[in-house]
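> Okay, handing you the structure first.
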Amino acid sequence: MSKAADYLTKDTAWCPGCGNFPIRQALAEALAELDLAPHRVLMCSGIGQAAKMPHYLRLNGFNGLHGRALPPAVGARVANTALTVIVESGDGDSYGEGGNHFIHTIRRNPHLAHFVHNNQVYGLTKGQASPTSELGMQTNVQTTGVVLPPFQPLAVALTMGAGFVARCFAGERKHLKETMMAAIAFPGYALVDILQPCTTFNKINTYAWYKERCYFPEGHETSDWQAALTLARQWGDHIPLGILYNVPRPTFESHFPVLAGSPLNGRPFSPSEVVGAQDEFR
Amino acid sequence: MNIVIGGAAGQGMDTIAHLLGKTLTRLGYGVLLSKDYMSRVRGGHNFSLLRIGSTTPWAQATDIDILVALNEETYAVHHQKLRSGASVIFDNALFALPAQEPRGLPTPFGSLARAAGGAILASTVATGAVLSLLGLALPTAEGLIREMFAEGLVEQNIAALRAGYAALLPARPVTCALPKATPLPPQIFIDGNQALGMAALASGCRFLAAYPMTPATGVMTYLAARQQQHGLVVEQAEDEIAAINMVLGASYAGLRSMTCTSGGGFALMVEGLSLAGMTETPIVVVLAMRPGPATGLPTRTEQGDLNFAIFGGHGEFPRAVLSATNLEDAFYRLNKAFNLADKYQVPVIFLTDQNFADTARSIRPYDFSRLVYERHLATEETATFPYQRYRLTEDGLSPRAYPGQFIGEVVLSDSDEHDEDGHIIEDGAMRKRMMDKRMLKQNALATEMSEPELYGSTRAEILLIGWGSTYGAMREAVDTLNVRGKNAAMLHFSDLWPLPLNNVTTLLPQARHSFCIEGNATGQFAALLRRESGLQTTYLLLKYDGRPWSGEEIAREVEKNV
Numbered sequence: 087m088s089k090a091a092d093y094l095t096k097d098t099a100w101c102p103g104c105g106n107f108p109i110r111q112a113l114a115e116a117l118a119e120l121d122l123a124p125h126r127v128l129m130c131s132g133i134g135q136a137a138k139m140p141h142y143l144r145l146n147g148f149n150g151l152h153g154r155a156l157p158p159a160v161g162a163r164v165a166n167t168a169l170t171v172i173v174e175s176g177d178g179d180s181y182g183e184g185g186n187h188f189i190h191t192i193r194r195n196p197h198l199a200h201f202v203h204n205n206q207v208y209g210l211t212k213g214q215a216s217p218t219s220e221l222g223m224q225t226n227v228q229t230t231g232v233v234l235p236p237f238q239p240l241a242v243a244l245t246m247g248a249g250f251v252a253r254c255f256a257g258e259r260k261h262l263k264e265t266m267m268a269a270i271a272f273p274g275y276a277l278v279d280i281l282q283p284c285t286t287f288n289k290i291n292t293y294a295w296y297k298e299r300c301y302f303p304e305g306h307e308t309s310d311w312q313a314a315l316t317l318a319r320q321w322g323d324h325i326p327l328g329i330l331y332n333v334p335r336p337t338f339e340s341h342f343p344v345l346a347g348s349p350l351n352g353r354p355f356s357p358s359e360v361v362g363a364q365d366e367f368r
Numbered sequence: 163m164n165i166v167i168g169g170a171a172g173q174g175m176d177t178i179a180h181l182l183g184k185t186l187t188r189l190g191y192g193v194l195l196s197k198d199y200m201s202r203v204r205g206g207h208n209f210s211l212l213r214i215g216s217t218t219p220w221a222q223a224t225d226i227d228i229l230v231a232l233n234e235e236t237y238a239v240h241h242q243k244l245r246s247g248a249s250v251i252f253d254n255a256l257f258a259l260p261a262q263e264p265r266g267l268p269t270p271f272g273s274l275a276r277a278a279g280g281a282i283l284a285s286t287v288a289t290g291a292v293l294s295l296l297g298l299a300l301p302t303a304e305g306l307i308r309e310m311f312a313e314g315l316v317e318q319n320i321a322a323l324r325a326g327y328a329a330l331l332p333a334r335p336v337t338c339a340l341p342k343a344t345p346l347p348p349q350i351f352i353d354g355n356q357a358l359g360m361a362a363l364a365s366g367c368r369f370l371a372a373y374p375m376t377p378a379t380g381v382m383t384y385l386a387a388r389q390q391q392h393g394l395v396v397e398q399a400e401d402e403i404a405a406i407n408m409v410l411g412a413s414y415a416g417l418r419s420m421t422c423t424s425g426g427g428f429a430l431m432v433e434g435l436s437l438a439g440m441t442e443t444p445i446v447v448v449l450a451m452r453p454g455p456a457t458g459l460p461t462r463t464e465q466g467d468l469n470f471a472i473f474g475g476h477g478e479f480p481r482a483v484l485s486a487t488n489l490e491d492a493f494y495r496l497n498k499a500f501n502l503a504d505k506y507q508v509p510v511i512f513l514t515d516q517n518f519a520d521t522a523r524s525i526r527p528y529d530f531s532r533l534v535y536e537r538h539l540a541t542e543e544t545a546t547f548p549y550q551r552y553r554l555t556e557d558g559l560s561p562r563a564y565p566g567q568f569i570g571e572v573v574l575s576d577s578d579e580h581d582e583d584g585h586i587i588e589d590g591a592m593r594k595r596m597m598d599k600r601m602l603k604q605n606a607l608a609t610e611m612s613e614p615e616l617y618g619s620t621r622a623e624i625l626l627i628g629w630g631s632t633y634g635a636m637r638e639a640v641d642t643l644n645v646r647g648k649n650a651a652m653l654h655f656s657d658l659w660p661l662p663l664n665n666v667t668t669l670l671p672q673a674r675h676s677f678c679i680e681g682n683a684t685g686q687f688a689a690l691l692r693r694e695s696g697l698q699t700t701y702l703l704l705k706y707d708g709r710p711w712s713g714e715e716i717a718r719e720v721e722k723n724v
C-alpha cells in the first residue's frame, strides 16, 4: 500500500503560502489511496510554476514545453496504455499557449486526467494577465486593466464534449483529492480546473476571496449536461465547485484495435515480419 | 520512350499512369513515372511523365513520343516537345487538333467509356489505347485490373481497356511500338513516399503523428492504410506542434515514432526539435521539401530547406540530417535514421522533396534482411539504480529507460537544464557538463555518416557535386557528358550532417572543373561545404523554378562552362 510520503520529494521553488502546496499534497494522497506506485504513473507538464510539479513529486515525468503538456501525454498513451497519465499545468499553459491542444485533446478523448492550476495570473513571468484573469485586473502589462473577457475552460470543455468536467479549489483539499481520484479513474479525458490563489501576484483572487464565493451545489445531477453548463458558466459572487459532468464516451485508445491488449511499447519486432509488405508493389 | 499524359485535375491521369507503369514493370521494362500537378482539386493542367527503357531510367527527358491529351490545353502546352514520329491520342469529340498537326490519333474516349459502362472509364480506355500504340498485348494489364479494382468494377474496366486498345489497332503507327526488350529480373514499382512509409514500417516505427502537408502526405497515407494489418497507430494531429510533441511523448514512453511534414510544418516543429535535443528523446522527422518561402509552390520541388534542417531550432543540440537520393538507397537510409536516433538519443531529420516523393520507378525488390532494428534501450546491466535518466558517462550517452521499464524506478525528462536525475538546475557547472555531454554525441554522429557516392572515375576532369534527389539527373548528366567525350564524374551526398568530408577533400581539389548542383537559389550545400571544409567548386548550378533538374539540362549547363 502506498503512502502520500512516497511521492513527496524535495524542496520546491514555490512562494510560501502558494496554492500549489495543497494541490501537491492532495495529489500525493490521491495517488496513495489509488495505490498507484510511482513507476506506473506519468506526469506530463508544460512550463510555469504549476508545471514544475513533476520535480516535486516522485513519478515518471515529462516536463516539456510551454503550452505543450497535452500532446506528449497523448503520445505516451499510445505507447503504453498501462501507464496512468496525468497532465499538470497552469492556466496560461493550458488555456493560452496550449489552447489548440486543449480543444483537440477534448475531441480526441484519451484516458488522462488534466489538472489545471488556475490562479488567473502569470506567475513565472511575474504578474501578467492570464486567459482567465478578471476583467479590469491591472498588471504591469495590462496597465489600465484586463479588457479581454475571461476564457471559460469548463464551458468550452462541456461544449466540446468532454466526459468529465470538474471545478475544485485549492483551499478544499479533501474535496480536491477525491475529485482527483475520480478524474484519474475516469475512462477518457478528465478536466479538473483548480482555483488556486497566487499569493505574490494576484491580489484580487485570494484565499479569502474564493472562500467567500465557492460553494457546493446541492442535488446536481452529473449526467445533466445542461445543468452542468449553467454551473460551469456561473462566476462572480457564487462559484460552484464539484464534478459538474461525468458521462464517459468512447476513448481515443478504443478506436485503435491495435491498442487493445499488451502495451505497444513492449511488443517484440523484427523487420522480417513485414517482408510481405512489398508484394503489393510487384 | 517518353509518354506524357495530361489533363485537368480529376480526369484520371494518375490511374492511366499507374496502370501503364505497373503493366510495363511486370512485362520487364524499366519505368520511371513522375507527376507534375497543380495545387488544386479540380481543373488546371496536371500531367504524368512516363519514361520507359530497357533498364530503369534515372530521370525524366524532355522529348515526347506519345502524348495523351485528355483536354485541349495538354496539346497546347506540350506539342512543341513532340518528336517527329510521335503520336497524340485525344478525344475528337471534345476538341480538334490544328489542321497542320499530322500526328493526331483521334480516339473517342468518352463514347467508348460510356459504351463500356460509364464516362468514368475514359482513363481506362486511354490506357488501352496507349498499350495498343506500344504494340503490347493486353493480358498483363487485365490481370492488374483484376487486382486493383473492386469485383463489381473489373468487367467494365476490362471492357473499356479492350475498347481503347481496339480503337487504335487499325491506325497505329509503327513508330511508337516498343522494341522487345530482354525482360528485367522481377521488379517492384514504387514511389518515394511509399518507399519511405514502408521503410518506417519495416524499421519498427509504430506511431506516426502528423498534419497533412504536400508533398509529405503520401508517407502518412501509406502508413494509415496499414495500421490494422501491421499494428501501428497513425494520428492526424491538430497542428505540427502537436504532431512532434505527440511523437516525443510516445518515444519517451518507449515506442519508436516519427512525424512527416514539409517546410511550413517543420517551421512549427522546430520548438519540439529543440525539446528532442534537450530531453535526448529519439525522433525521426521526414521533411519533404517544396519551394518556399511561406506557402511557396505547394506541389513543386526544391532543395531550399537544407540550412533549416541543419540549423533550425533554438539553442545548440546534436542532430543528424540524412537525405533521400534515390529509391534504391532511401529505404535503407531511413532505417539508418531510426537506428541513429535511438543510438544517440537525438532527432534525425530525413530530407526528401516533391521530386523524390512523387516519382515512382521500377527497381529490384528491397532486401529486408539488410534492415537493422536496434533500440539501444537501457538494460539491468547498463542502468544504475536509483535510475538517472541523464547520468554523466564518458561518451555522453546515458542509458535510456522508459517509464515503467524498471519496477520502482522513475524516468524524468526535462526541457529545462537539468541534473543527472532530470531535475531543474541553474548552476553553471552542471549546465556546462550537461551541454558537453550532449554535444559529445555530435562528434560520435560524425563517425556514422556515409561518405558521398562517387559515380565515375576518381581522375575525372569534371566533378559534379550534389545531394538529395538530384542523384538520378546528375548520374544521367555524367553519362551524357562522357558519351560526348568529356571526362566527368559525380560525388553525391546522402548523409548531410555532420557533413562527411573524406572523399570530397581528396577529390574536389583534383578536378579541373567542379560544379555544385542544387535545387535552390543560394547554393546552401556549397556554402555548407565551404564552411566545413574550406573548399568550393568552381561553378554553382542552381535551379529554383520549382521543377526538377533533368540530366540533359545539367549536361548542357556544364558544357556551357567547360
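These protein sequence lines map, in sequence, to chains A and B. Just add 86 to the spot in the first sequence (first one is 1) and you have the working numbering. Just add 162 to the spot in the second sequence (first one is 1) and you have the working numbering. C-beta atoms are modelled at their ideal positions from N, C-alpha and C, and glycine is treated no differently. Nothing here was measured: the structure is a model prediction, and the numbers come from that model.
Identify every run of the beta strand (DSSP E) within the region 569-645 of chain B, keeping only runs that are complete inside it and at least 3 residues long; order them along the chain.
574-576, 615-617, 624-629
> Output the distance between the C-alpha atoms of L729/B and E220/A, rounded to the nearest integer angstrom.
This structure does not reach residue 729/B, given that chain B is present from 163 up to 724, and the question cannot be answered.
> Taking the beta strand (DSSP E) that I167/B falls in, what are its first and last residues?
As a first step, residue 167/B must be located in the second sequence, where it is residue number 5. DSSP places I167/B inside the beta strand (DSSP E), whose first and last residues are 164-171.
> How many whole angstroms separate the CB atoms of E579/B and Y549/B, which I take to be in contact at a CB cut-off of 8 Å?
Taking the first residue of the second sequence as position 1, residue 579/B is located at position 417. Taking the first residue of the second sequence as position 1, residue 549/B is located at position 387. Not confirmed; about 20 Å, so no contact.
> Could you name the residues of chain B that G134/A contacts, counting a contact when the two beta carbons are closer than 7 Å?
Translated into the one-based positions of the first sequence, residue 134/A becomes position 48. The contacting residues do not exist; G134/A stays about 12 Å from chain B at best.
> Between which two residues does the alpha helix (DSSP H) holding G427/B run?
Residue 427/B sits at position 265 when you count from the first residue of the second sequence. Note, G427/B: alpha helix (DSSP H), 425-441.
> Count the other CB atoms, across all protein chains shown, that sit within 10 Å of the CB of A91/A; report buried if there are 16 or more and exposed otherwise.
Residue numbering aside, residue 91/A sits at position 5 when the first sequence is read from its first letter. A91/A is exposed by the Cβ-count criterion.
> Quick one: using the 10 Å Cβ neighbour count with 16 as the cut-off for buried, is M601/B buried or exposed?
Position 439 of the second sequence, counted from the first residue, corresponds to residue 601/B. With fewer than 16 other Cβ atoms within 10 Å, it is exposed.
> Would you grab the beta carbon distance between S294/B and L244/B for me? Rounded to a whole angstrom, and I think it's under 8 Å.
The residue given as residue 294/B occupies position 132 in the second sequence. The residue given as residue 244/B occupies position 82 in the second sequence. About 19 Å; that fails the 8 Å criterion.
> Which whole-angstrom value describes the C-beta separation of A522/B and L195/B, a residue pair presumed to lie in contact below a C-beta threshold of 8 Å?
Numbered from 1 along the second sequence, position 360 holds the residue referred to as residue 522/B. Numbered from 1 along the second sequence, position 33 holds the residue referred to as residue 195/B. Rounded to whole angstroms, the Cβ separation of A522/B and L195/B is 4 Å, and the two are in contact under 8 Å.
> Enumerated in chain order, which unbroken segments of the beta strand (DSSP E) with a length of 3 residues or greater are wholly contained in the region 469-526 of chain B?
482-485, 509-515, 522-525
> Please tell me whether G132/A and G184/A are closer than 8 Å, where the distance is taken between their beta carbons.
Working through the first sequence from its first residue, we reach residue 132/A at position 46. Working through the first sequence from its first residue, we reach residue 184/A at position 98. It is a contact, given that the beta carbons lie within the stated cut-off.
> Provide the residue span of the beta strand (DSSP E) that contains S285/B, from first to last.
What you label residue 285/B is simply residue 123 of the second sequence in a count that begins at 1. That residue, S285/B, is in no beta strand (DSSP E); its alpha helix (DSSP H) goes 284-295.
> Determine whether the beta carbon atoms of N736/B and E623/B lie at a separation below 8 Å.
This structure gives no information on residue 736/B, because the portion of chain B shown stretches from 163 to 724.
> As a quick exercise: from A673/B, F512/B, Q507/B, L626/B, pick the residue whose alpha carbon is nearest that of Q604/B.
In the second sequence, counting from the first residue as 1, residue 604/B sits at position 442. Of the listed residues, the one whose Cα sits closest to Q604/B is Q507/B.
> Going by DSSP, what residue range makes up the beta strand (DSSP E) through L105/B?
What is shown of chain B runs 163 to 724, which leaves residue 105/B out entirely.
> Note down, in chain order, each residue of its chain lying with its Cβ closer than 7 Å to the Cβ of N351/A, except the 5 sequence neighbours on either side.
In the first sequence, residue 351/A corresponds to position 265, counting from 1. Correct list, in chain order: A165, N166.
> Under 7 Å Cβ-Cβ, which residues of chain B neighbour K212/A?
Numbered from 1 along the first sequence, position 126 holds the residue referred to as residue 212/A. Residues of chain B passing the Cβ test: none, with the nearest at roughly 17 Å.
> The alpha helix (DSSP H) with I133/A in it runs from where to where?
Within the first sequence, the letter at position 47 stands for residue 133/A. Neither: I133/A is in no alpha helix (DSSP H) and is coded neither H nor E.
> Between which residues of its own chain and M267/A is the CB-CB distance below 8 Å, once the five residues before and five after are set aside?
Sequence index remark: in the first sequence, residue 267/A carries index 181 (1-based). Taken in chain order, the residues that qualify are A116, E119, L120.
> For A673/B, I'd like the list of residues in its chain whose CB is within less than 6 Å of its CB, leaving aside the five on either flank, ordered along the chain.
Translated into the one-based positions of the second sequence, residue 673/B becomes position 511. Counting only Cβ-Cβ distances below 6 Å, and skipping sequence neighbours, we find L625.
> Beta-carbon within less than 7 Å of T337/B's beta-carbon, same chain only, minus the 5 sequence neighbours each way: which residues are those?
Taking the second sequence and counting its residues from 1, one reaches residue 337/B at position 175. Within the same chain, T337/B has close Cβ partners G247.
> Flag G247/A as yes if its beta-carbon sits less than 8 Å from any beta-carbon of chain B, otherwise no.
For the purposes of this step, residue 247/A is taken as the residue at position 161 of the first sequence. No, its Cβ sits nowhere closer than 8 Å to a Cβ of chain B.
> Can the beta-carbon of V230/B be found closer than 8 Å to that of I282/B?
Residue numbering aside, residue 230/B sits at position 68 when the second sequence is read from its first letter. Residue numbering aside, residue 282/B sits at position 120 when the second sequence is read from its first letter. No, the pair does not count as a contact, with Cβ atoms beyond the cut-off.
> Would you say S216/A faces chain B, with C-beta separation under 8 Å as the test?
Taking the first residue of the first sequence as position 1, residue 216/A is located at position 130. With 8 Å as the cut-off, S216/A does not count as an interface residue toward chain B.
> Can you give me the C-alpha to C-alpha distance between V127/A and N146/A, rounded to a whole angstrom?
Here residue 127/A corresponds to residue number 41 of the first sequence, with the count starting at 1. Here residue 146/A corresponds to residue number 60 of the first sequence, with the count starting at 1. One C-alpha to the other measures close to 6 Å.
> Just the chain B side, please: which residues come within less than 9 Å of F237/A by C-beta, in chain order?
Counting from one through the first sequence, the residue named residue 237/A turns up at place 151. Correct list: empty, because the minimum Cβ distance to chain B is about 18 Å.
> Does the CB of N407/B have a neighbour CB from chain A at under 8 Å?
Position 245 of the second sequence, counted from the start, is the residue given in the question as residue 407/B. Yes, N407/B counts as interfacial toward chain A.
> Using Cβ-Cβ distances below 9 Å, what residues of the region 679-703 of chain B are close to chain A?
none
> Consider the Cβ of C101/A: report whether some Cβ of chain B lies at a distance smaller than 8 Å.
In the first sequence, the residue the question calls residue 101/A occupies position 15. So, not an interface residue.
> By the criterion of Cβ-Cβ separation under 7 Å, what are the contact partners of F375/A in chain B?
This structure cannot speak to residue 375/A, because chain A is shown only from 87 to 368.
> Kindly say whether I350/B, judged by its beta-carbon, lies nearer than 8 Å to any beta-carbon of chain A.
As a position in the second sequence, residue 350/B is number 188, starting the count at 1. At least one chain A Cβ lies under 8 Å of I350/B.
> What beta strand (DSSP E) runs, 3 residues minimum, are completely inside the region 342-389 of chain B?
Taken in chain order, the unbroken stretches of beta strand (DSSP E) that lie wholly in the region 342-389 of chain B and span 3 residues or more are 350-353, 369-372.
> Rounded to whole angstroms, what is the Cα-Cα separation between F428/B and E402/B?
Locating residue 428/B in the second sequence gives position 266, counting from the first residue. Locating residue 402/B in the second sequence gives position 240, counting from the first residue. Rounded to whole angstroms, F428/B to E402/B spans 7 Å at the Cα level.
> Please identify the residue among A635/B, P671/B, A639/B, F687/B whose C-alpha is closest to the C-alpha of F655/B.
Reading the second sequence from its first residue, position 493 is the one you call residue 655/B. Ranking the options by Cα distance to F655/B, first place goes to F687/B.
> What's the gap between the Cα of Y301/A and the Cα of L394/B?
Along the first sequence, read from residue 1 onward, the residue named residue 301/A stands at position 215. Along the second sequence, read from residue 1 onward, the residue named residue 394/B stands at position 232. Straight-line Cα distance between these residues: approximately 47 Å.
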